[in-house]
Amino acid sequence: MSTTMADAPEHISDAPGYATHEVLNQAGALTDYNAYADDVALVEATKVFGADWSDAHLRRTGAVVGSEKVQSLARQANRYLPELKTHDRFGHRVDLVEFHPAYHELMRLIFGSETHSFAWTHQGQPGAHVSRAVMSYLWNQGENGICCPMGMTFASIPALRHDPALLEEWSPHILKAAYDDRPIYAKEKAGVTVGMAMTEKQGGSDLRATITTARPATARRGTGAPYLLTGHKWFFSVPMSDIFLTLAQTEKGLSCFVATGWLPDGSRNRLKIQRLKDKCGNKSNASSEIEFHDLYATMLGDEGRGIRTIIEMAHVTRLDFAVGSSGLMRQALSQAIHHTSNRRAFQRSLVDLPLMRNVVADLAVESEALLWLSMRLAAALDREHAEREEGLLSRICTPMAKYWTCKQAPQFVVEALECHGGNGFIADHLMERLYREAPLNGIWEGTGNVICLDVLRSMRREPETVDAFLAEVRLARGADARLDAFTDALVRRLANISELEPMARRVIEMMAFALQGSLLVRYSTPAISDAFCATRLDGDWGRAFGTLPNGLDTQAIVDRARIRTT
Ligand SMILES: Cc1cc2nc3c(=O)[nH]c(=O)nc-3n(C[C@H](O)[C@H](O)[C@H](O)COP(=O)(O)OP(=O)(O)OC[C@H]3O[C@@H](n4cnc5c(N)ncnc54)[C@H](O)[C@@H]3O)c2cc1C
């Protein structure tokens, strides 16, 4: 005999929410904290590298990033994804991308916080790049999809310097602290975003394989002259960019161009968005495939020297990816500490179980080492024009930091996710988003191998870069015997640079360890530097996180990494 609802005893429908149980032992969200002020190591690094004059600005940004509001916007922007609208309802071709309002709100927040412009509007003030790097570190904990347009807009200024007239024309618009989502000509907007379209189907690492062509639009030639571009780009993120840099072949070779998304008469520049990429992560941000049909663009920099011009942009975005991946890992760590401190198993908080403490402490050591590395290179960017040694250090170590930081991110996030048990693997949890995001910074602006080869190229072309790197590492000489021994072993490996290509990853990893060790010994606490030297330099470490040897002060390490509200 079957039972129907009509047969159900009356008291069932009276039960509040049909409750079967109390919700117990869930950690809840880490929310409404200050991602800057509540992060001890970050505040210290800001001070050490001379950026504490911007403390109030950083506190404001930290409060926004740590707010429930930003977390909720980020969740929505990643759930309701951008959509391509090729035509309007009357059949006109429009090539627009429609975003959820949450994405626009996040863009307003990040551009309003000056994260794209602060270093340039405060140029000459010591620590300006460090301040901006701290903001980028913070926003990469808020939502990564908006950091791509922010980072490219920031990085456009060094490339534009190749043509003072173009710099003067565009920098006032690029530096405005505003976001304007209207599809109109850049000069009519309250604020602009800048993109970069380089990668084509047949080759992204080897840009010399570019087949897009450019022909002069008038009798003028060379930098500042108008050209018409025909071809395609296989990856173009932020297709709603108001301005973008791109590459095309002229009769003198590969050249760099600057184009606007819309023309002064209000029409779309001659580009067609073929489709949006369906990506593994970075979903709130649109990435597209496009075709140029006589795209109207202006040559930037010397004709035939396009890679040299656009590499200025890449140098700065590479720093941003080191900073960005460090920020992403910091968020993963903050979540792991919050969760393991607020969930109990076997009568104790998870973080107090010895093996879990080892995992979290190991992640904390890694996170802090990457933080100091990233911020040291932001400081080098600050001083690169004033001090030759800093320029050399920046050249060799910025790609090195990009390589190593991005390489660490996926395994770091996986371990932090596992600290959450099943909850971490569920969509809607921040950890799931970080997991899908983690590999990306290692791909764009140069994959791991390409970046390593770039470091080797700098070493060969300018051997003084190696001297500048070793001089910086040796500032800690004598403070820790393990660091000294490790540095000596590295020097032996560096003896014959011309034979290093097959071993480039190994050597660059060692360089990252040596510089991180030196920075931690000089600037961090003994608990952190001791753990780093014992494991990464002296080799008492396994092949997964959570393999610190006994005898280290893991309690002090975790307490230092704890967001103060946790
Ligand atoms: C989400 C996303 C958004 C993107 N947005 C943009 C964008 O806005 N603008 C843009 O221009 N590009 C963008 N890209 C493209 C990105 O920059 C390229 O994918 C990247 O540069 C690699 O190029 P490729 O895909 O052609 O790979 P390939 O160049 O084919 O490389 C494949 C592999 O070969 C390796 N390799 C290449 N050369 C060597 C060598 N000499 N020695 C050893 N190994 C080598 C690489 O390390 C890599 O592992 C985006 C990519 C993604 C995933």
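In this text, residue positions in the sequence shown follow this note's numbering: the first is 167, and each later residue adds one. By construction, the Cβ of each residue, glycine as well, lies at the ideal position given by its N, Cα and C atoms.
Output the boundary residues of the alpha helix (DSSP H) element that contains Thr-564.
554-584
Mind checking whether the beta-carbon of Asp-620 lies closer than 7 Å to any heavy atom of ligand 1?
With a cut-off of 7 Å, the C-beta of Asp-620 is classified as distant from ligand 1, since no heavy atom of the ligand falls inside that distance.
Under 8 Å by Cβ, that's how I've got Thr-319 and Ile-340 pegged, so tell me the actual separation to the nearest angstrom.
6 Å
Once the 5 residues before and after Met-171 are set aside, which same chain residues still bring their CB inside 6 Å of it?
Unreliable placement is indicated for Met-171, whose pLDDT of 48 sits below 50; the coordinate value is still reported in the next sentence. Closer than 6 Å at the Cβ level, and outside the excluded window around Met-171, lies no residue.
So what does DSSP say about Asp-444, is it helix, strand or coil?
coil
Where Val-263 sits in the DSSP three-state scheme:
strand
At a cut-off of 7 Å, would you count Ile-609 as near ligand 1, judging by its Cβ distance to the nearest heavy atom?
yes
Can you have a look at Ile-377 and say buried or exposed, based on whether 16 or more other CB atoms are within 10 angstroms of its CB?
Classification for Ile-377: exposed.
Excluding the five sequence neighbours on either side, which residues of its own chain have a C-beta within less than 6 Å of the C-beta of Lys-443, listed in chain order?
Ser-453
Decide if Asn-615 is buried, meaning its Cβ has at least 16 other Cβ atoms within 10 Å, or exposed.
exposed
Close Cβ partners of Gly-278 (< 8 Å) along its chain, the five nearest in sequence each way excluded:
Cβ within range, chain order: Ala-343, Ala-344, Tyr-345.
Just how far apart, CA to CA, sit Thr-197 and Ala-655?
45 Å
Quick check on the DSSP output: the beta strand (DSSP E) that includes Arg-393 runs from which residue to which?
The sequence shown places Tyr at residue 393, not Arg. From DSSP, the beta strand (DSSP E) with Tyr-393 extends over 392-403.
Sub-8 Å separation of Ala-480 and Thr-412 beta-carbons
no
When you compare only the Cα positions, how much space is there between Ile-477 and Ile-456?
22 Å
Tell me where the alpha helix (DSSP H) around Leu-466 begins and ends.
Careful: Leu-466 lies outside any alpha helix (DSSP H), inside the beta strand (DSSP E) at 453-466.
Note down the Cα distance separating Thr-720 from Ile-617, rounded to an integer number of angstroms.
34 Å
Counting pairs of beta carbons, one from the segment 481-499 and one from the segment 320-329, are three or more of them closer than 8 Å?
yes
Leu-559 vs Phe-635 beta-carbon contact at 8 Å:
Yes, the pair counts as a contact, with Cβ atoms nearer than the cut-off.
Three or more beta-carbon pairs under 8 Å between the segment 188-206 and the segment 234-251, yes or no?
A contact exists between the segment 188-206 and the segment 234-251.
In the DSSP assignment, what residue or residues form a beta bridge with Glu-366?
Gly-369
Express the C-alpha separation of Cys-563 and Ala-545 in angstroms, rounding to a whole number.
12 Å
Taking just the CA atoms, how far does Ser-695 sit from Tyr-553?
The amino acid at residue 553 is misidentified as Tyr; the sequence shows Glu. Distance between the alpha carbons of Glu-553 and Ser-695: 28 Å.
Report the three-state DSSP secondary structure of Trp-428 (helix, strand or coil).
strand
So the beta strand (DSSP E) Gln-250 belongs to, where does it begin and stop?
Residue identity check: residue 250 is Leu in the sequence provided, not Gln. Note, Leu-250: beta strand (DSSP E), 249-253.
Look at the alpha carbon of Ser-540 and the alpha carbon of Glu-417, and state the distance between them as a whole number of angstroms.
40 Å
So, for Ser-168: in the same chain, excluding its five sequence neighbours on each side, which residues have a beta-carbon less than 7 Å away from its beta-carbon?
Because the pLDDT of Ser-168 is 44, which lies under 50, any placement of that residue in the model is unreliable, and the number read from its coordinates should be weighed accordingly. Once the five neighbours on either side are set aside, Ser-168 has no close Cβ partner at all.
Beta carbon of Ala-480: closer than 7 Å to some heavy atom of ligand 1?
no
Could you tell me whether the Cβ atoms of Val-153 and Pro-315 are closer together than 8 Å?
A query on residue 153 cannot be resolved here, the shown segment of the chain reaching from 167 to 732 and no further.
Kindly examine ligand 1 and report whether one of its heavy atoms sits closer than 7 Å to the Cβ of Phe-475.
As written in the sequence, residue 475 is Thr, which differs from the Phe given in the question. It does not: the Cβ of Thr-475 is nowhere closer than 7 Å to a heavy atom of ligand 1.
Determine the DSSP secondary structure at Leu-714, reduced to helix, strand or coil.
coil
Is there contact here, the segment 645-660 with the segment 671-681, by at least three beta-carbon pairs under 8 Å?
yes
Go through its chain and collect everything with a Cβ distance to Met-406's Cβ below 6 Å, but skip five positions before and after it.
Val-263
Would you say the beta carbon of Lys-445 is closer than 7 Å to some non-hydrogen atom of ligand 1?
Indeed, a heavy atom of ligand 1 lies less than 7 Å from the Cβ.
Count the other CB atoms, across all protein chains shown, that sit within 10 Å of the CB of Met-669; report buried if there are 16 or more and exposed otherwise.
exposed
Cys-572 and Asn-607 - do their beta-carbons sit closer together than 8 Å?
Pairing Asn-607 with Cys-572 gives a Cβ-Cβ distance under 8 Å.
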